[in-house]
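Reviewing the structure listed below.
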Amino acid sequence: MQSTTSIMSCRRALWTTKLVAAKSGKRRRWQKRAAAYRLVQMKVRKLQRLIPGGRRLQPDRIFSRTADYILQLRWQVNVLQALSEIYRP
Numbered sequence: 052m053q054s055t056t057s058i059m060s061c062r063r064a065l066w067t068t069k070l071v072a073a074k075s076g077k078r079r080r081w082q083k084r085a086a087a088y089r090l091v092q093m094k095v096r097k098l099q100r101l102i103p104g105g106r107r108l109q110p111d112r113i114f115s116r117t118a119d120y121i122l123q124l125r126w127q128v129n130v131l132q133a134l135s136e137i138y139r140p
């Protein structure tokens, strides 16, 4: 009778160990996803602060607004370079 009890106890311990290992694997995957999500959120917030009017934009619209802003900045650089060529002594 003792051998049956000890076998059952060993099986239960093994099952518990496997269950804990499976849960910790899921927990690690969840933690990695959560960390990646937080990193993306942080980058979006930084981008919202850089773009004029970006704080009131939804995160999905901020990317198109960023592209427009980059084009505007490039245009300004080109204009300033042209003006500096014209007014060079």
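Numbering (this note's numbering), first residue to last: 52 to 140. Glycine residues also receive a C-beta, built at the ideal position from the N, C-alpha and C atoms. All values derive from a computational prediction rather than experimental measurement.
Taking the Cα of I113 as reference, the smallest distance to any Cα among R100, L124, V128 is reached at R100.
With a beta-carbon spacing of about 19 Å, G105 and R89 fall beyond the 8 Å limit used to define contacts.
The three-state reading of DSSP puts Y120 in helix, counting H, G and I together. Per the coordinates, the alpha-carbon of Q127 lies some 22 Å from the alpha-carbon of P140. The C-alpha of S135 lies about 21 Å from the C-alpha of I121.
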